[in-house]
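One structure is given here, and the rest of the page talks about it.
Number of protein chains: 2
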Amino acid sequence: VIEVDDVKRHYVTGGGTVKALDGASLTIERGEFLAIAGPSGSGKSTMLNVIGGLDVPDSGEVMVEGKHLGEMRQSQLAALRRDRIGFIFQAYNLNPVLTVLENTEYVMMLQGKPPAERKKLAVDVLEEVGLGDMLDRRPSQLSGGQQQRVAVARAIAGAPAIVLADEPTANLDSTTGQELLDMMERLNRERGVTFVFSTHDPEVMKRASRLIRLRDGKIESEERRR
Amino acid sequence: VIEVDDVKRHYVTGGGTVKALDGASLTIERGEFLAIAGPSGSGKSTMLNVIGGLDVPDSGEVMVEGKHLGEMRQSQLAALRRDRIGFIFQAYNLNPVLTVLENTEYVMMLQGKPPAERKKLAVDVLEEVGLGDMLDRRPSQLSGGQQQRVAVARAIAGAPAIVLADEPTANLDSTTGQELLDMMERLNRERGVTFVFSTHDPEVMKRASRLIRLRDGKIESEERRR
Ligand SMILES: Nc1ncnc2c1ncn2[C@@H]1O[C@H](COP(=O)(O)OP(=O)(O)OP(=O)(O)O)[C@@H](O)[C@H]1O
Ligand SMILES: Nc1ncnc2c1ncn2[C@@H]1O[C@H](COP(=O)(O)OP(=O)(O)OP(=O)(O)O)[C@@H](O)[C@H]1O
Ligand SMILES: [Mg+2]
Ligand SMILES: [Mg+2]
Chain A
1 VIEVDDVKRH YVTGGGTVKA LDGASLTIER GEFLAIAGPS GSGKSTMLNV IGGLDVPDSG
61 EVMVEGKHLG EMRQSQLAAL RRDRIGFIFQ AYNLNPVLTV LENTEYVMML QGKPPAERKK
121 LAVDVLEEVG LGDMLDRRPS QLSGGQQQRV AVARAIAGAP AIVLADEPTA NLDSTTGQEL
181 LDMMERLNRE RGVTFVFSTH DPEVMKRASR LIRLRDGKIE SEERRR
Chain B
227 VIEVDDVKRH YVTGGGTVKA LDGASLTIER GEFLAIAGPS GSGKSTMLNV IGGLDVPDSG
287 EVMVEGKHLG EMRQSQLAAL RRDRIGFIFQ AYNLNPVLTV LENTEYVMML QGKPPAERKK
347 LAVDVLEEVG LGDMLDRRPS QLSGGQQQRV AVARAIAGAP AIVLADEPTA NLDSTTGQEL
407 LDMMERLNRE RGVTFVFSTH DPEVMKRASR LIRLRDGKIE SEERRR
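This is the structure we're talking about:
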């Protein structure tokens with residue numbers, strides 16, 4: 001369902017050229033539960049951004065559900081992300097002026113889901129991540145881990161086909177992190193949602209059915225498990 | 227060096243009253259290397275904010291180096307933080323318009339350290355956290371873990387008496403996280419810097435000489451190690 005073909009992405013800074021991705025290729029089947037590990041700065045966030053069409057590689061191809069991202073117009077890319085992909089950002093990127101509930105409903109609203117339906121879906125997922133009694137708070141009234149969970153809820157509330165999660169448990173205690181993984185695994189198993197997540201957490205890596213290791217923008221190794 | 231006496235801090239939200247800290251007391255000796263653990267939302271960030279004078283409790287007392295924070299004027303509190311305390315925020319709070327080097331030098335500049343000296347101290351600590359070749363970048367040009375390391379560098383560059391670190395390794399791979407802890411331990415051992423950090427990471431907890439567990443705004447348990 002996702003095809004990354006010899007993708008390169010570099011940045012030119014004052015100090016020189018940074019190769020965020022340096023010829024990475026990856027095929028992800030529908031329904032996979034894939035973890036991307038690697039040292040800080042190895043290209044994990046860049047990889048997720050490129051897969052999700054949020055960043056454009058300098059060379060190489062990315063295909064999602066049979067479509068070449070590089071050939072799509074901005075509006076088509078936006079529609080693909082809105083309808084097919086749920087994104088959990090490393091820094092959460094919640095809208096500070098919206099409540100927890102409104103933040104979670106946001107994408108479903110863009111999709112045109114009716115208010116009653118999107119509210120129910122949002123409330124259900126917020127309860128599942130333990131935030132059911134914080135619907136009316138704003139992000140500044142939440143702890144770090146609570147903000148992270150809203151970011152997760154927002155990405156999965158509409159049960160997208162693909163979830164791209166950038167370090168989804170970084171600010172969570174191990175119990176809450178495990179509960180989140182249980183929920184992600186269940187969505188994966190029961191609804192066939194494809195999960196691709198970056199992580200530094202060995203506990204999260206253990207739960208992946210496949211583990212990719214990045215180093216200096218390249219895929220260093222790969223293991224299949226269960 | 228730090229005395230927290232029956233501190234309470236609540237928030238009133240639409241949904242009711244949240245007891246972020248609910249009668250917590252803690253004494254921290256000079257030179258300690260103390261970890262605060264606890265579930266998401268248990269009050270760790272609030273505890274650090276109250277110790278650092280960034281937040282005012284509703285009741286109870288906080289004393290830092292013999293001074294009652296509650297009796298100090300804003301200017302005195304600001305001077306205490308600037309001169310005696312280094313703070314690593316959970317969301318880093320880097321200044322987006324300053325470079326990595328400028329962000330790291332910032333507190334030392336407020337302290338009136340001469341340019342040559344603060345630059346040397348800043349460059350040294352940035353090299354120690356592996357960012358020596360990123361001095362002129364801005365936060366938006368860094369990975370999540372690189373931003374976290376700048377936040378650490380900024381807090382410790384001037385070797386403050388006390389460092390309050392809110393989840394300093396959350397976005398770091400285990401190697402980089404261990405290197406950071408090595409550096410913090412060395413500052414603690416060689417220069418007597420007092421460290422108080424919150425964490426979810428069992429590896430970080432293991433390295434603490436004392437571990438406090440919070441739950442629902444109260445201290446649930448405490449262990450001394452080594
Ligand atoms: N401005 C606010 N308004 C209302 N409630 C708040 C506010 N700030 C924090 N809280 C609440 O206070 C409690 C403690 O928050 P705190 O940030 O200290 O938790 P934490 O232990 O640091 O959590 P985490 O591990 O998720 O970072 C949480 O329940 C949080 O929702
Ligand atoms: N806008 C930018 N300008 C210059 N370099 C950048 C920019 N964005 C990212 N980089 C660099 O690209 C490399 C890969 O960054 P990326 O964010 O993908 O790493 P990561 O694996 O997600 O790291 P972390 O685990 O710290 O989040 C890093 O060396 C980073 O400094
Ligand atoms: Mg990243
Ligand atoms: Mg916190």
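From first to last, the protein sequence lines stand for chains A and B. All residue numbers for the first sequence refer to this note's numbering, where the first residue is 1 and numbers rise by one. All residue numbers for the second sequence refer to this note's numbering, where the first residue is 227 and numbers rise by one. Yeah, the Cβ is synthetic: ideal placement off N, Cα and C, and Gly gets one too. Remember, it's a predicted structure, so these values are computed and weren't measured experimentally.
Is any beta-carbon of chain B found at less than 8 Å from that of residue i?
{"i": "residue 47(A)", "result": "no"}
{"i": "residue 54(A)", "result": "no"}
{"i": "residue 134(A)", "result": "yes"}
{"i": "residue 160(A)", "result": "no"}
{"i": "residue 74(A)", "result": "no"}
{"i": "residue 141(A)", "result": "yes"}
{"i": "residue 40(A)", "result": "yes"}
{"i": "residue 144(A)", "result": "yes"}
{"i": "residue 35(A)", "result": "no"}
{"i": "residue 155(A)", "result": "no"}
{"i": "residue 170(A)", "result": "yes"}
Quick check on residue i - is its C-beta less than 8 Å from some C-beta in chain A?
{"i": "residue 363(B)", "result": "yes"}
{"i": "residue 236(B)", "result": "no"}
{"i": "residue 399(B)", "result": "yes"}
{"i": "residue 426(B)", "result": "yes"}
{"i": "residue 404(B)", "result": "no"}
{"i": "residue 240(B)", "result": "yes"}
{"i": "residue 448(B)", "result": "no"}
{"i": "residue 393(B)", "result": "yes"}
{"i": "residue 317(B)", "result": "yes"}
Could you tell me how far apart the beta carbons of residue i and residue j are, in whole angstroms, since I believe they sit closer than 8 Å?
{"i": "residue 418(B)", "j": "residue 310(B)", "result": "Not confirmed; about 13 Å, so no contact."}
{"i": "residue 62(A)", "j": "residue 4(A)", "result": "6 Å"}
{"i": "residue 393(B)", "j": "residue 316(B)", "result": "5 Å"}
{"i": "residue 331(B)", "j": "residue 344(B)", "result": "5 Å"}
{"i": "residue 360(B)", "j": "residue 326(B)", "result": "5 Å"}
{"i": "residue 252(B)", "j": "residue 445(B)", "result": "7 Å"}
{"i": "residue 20(A)", "j": "residue 53(A)", "result": "Residue 20(A) to residue 53(A), Cβ: 16 Å. No contact."}
{"i": "residue 32(A)", "j": "residue 143(A)", "result": "With 8 Å as the limit, residue 32(A) and residue 143(A) do not qualify as a contact, their Cβ atoms being about 32 Å apart."}
{"i": "residue 18(A)", "j": "residue 10(A)", "result": "6 Å"}
Between the stretch 373 to 385 of chain B and the stretch 289 to 299 of chain B, do three or more beta carbon pairs fall short of 8 Å?
-> The stretch 373 to 385 of chain B, when compared against the stretch 289 to 299 of chain B, does not touch it at the 8 Å Cβ threshold.
Enumerated in chain order, which unbroken segments of the beta strand (DSSP E) with a length of 3 residues or greater are wholly contained in the stretch 327 to 402 of chain B?
-> You should have 388 to 392.
At least three beta-carbon pairs within less than 8 Å, the stretch 152 to 159 of chain A to the stretch 261 to 279 of chain B = Verdict: no, contact absent.
Three or more C-beta pairs below 8 Å linking the stretch 343 to 355 of chain B and the stretch 416 to 434 of chain B = No contact exists between the stretch 343 to 355 of chain B and the stretch 416 to 434 of chain B.
Would the stretch 398 to 409 of chain B and the stretch 309 to 326 of chain B be scored as touching if the rule is three or more Cβ pairs under 8 Å?
-> With a cut-off of 8 Å on Cβ pairs, the stretch 398 to 409 of chain B is not in contact with the stretch 309 to 326 of chain B, counting fewer than three such pairs.
Is there contact between the stretch 255 to 269 of chain B and the stretch 206 to 215 of chain A, where contact requires at least three CB pairs shorter than 8 Å?
-> Under the three-pair Cβ rule at 8 Å, the stretch 255 to 269 of chain B does not count as touching the stretch 206 to 215 of chain A.
Do three or more CB pairs link the stretch 279 to 293 of chain B to the stretch 301 to 321 of chain B at distances below 8 Å?
-> Yes: the two stretches touch, three or more of their Cβ pairs being nearer than 8 Å.
Length-filtered (3 minimum) beta strand (DSSP E) runs lying within the stretch 239 to 303 of chain B = If we require 3 residues or more, the beta strand (DSSP E) runs fully inside the stretch 239 to 303 of chain B come out as 242 to 254, 259 to 263, 285 to 290.
Taking only runs that begin and end inside the stretch 181 to 224 of chain A, name each unbroken beta strand (DSSP E) of 3 or more residues, in chain order.
-> 194 to 198, 210 to 215, 218 to 224, all fully within the stretch 181 to 224 of chain A.
Take every Cβ of the stretch 4 to 22 of chain A, pair it with every Cβ of the stretch 154 to 165 of chain A, and state whether three or more of those distances are shorter than 8 Å.
-> Taking 8 Å as the limit for Cβ pairs, the verdict is that the stretch 154 to 165 of chain A does not touch the stretch 4 to 22 of chain A.
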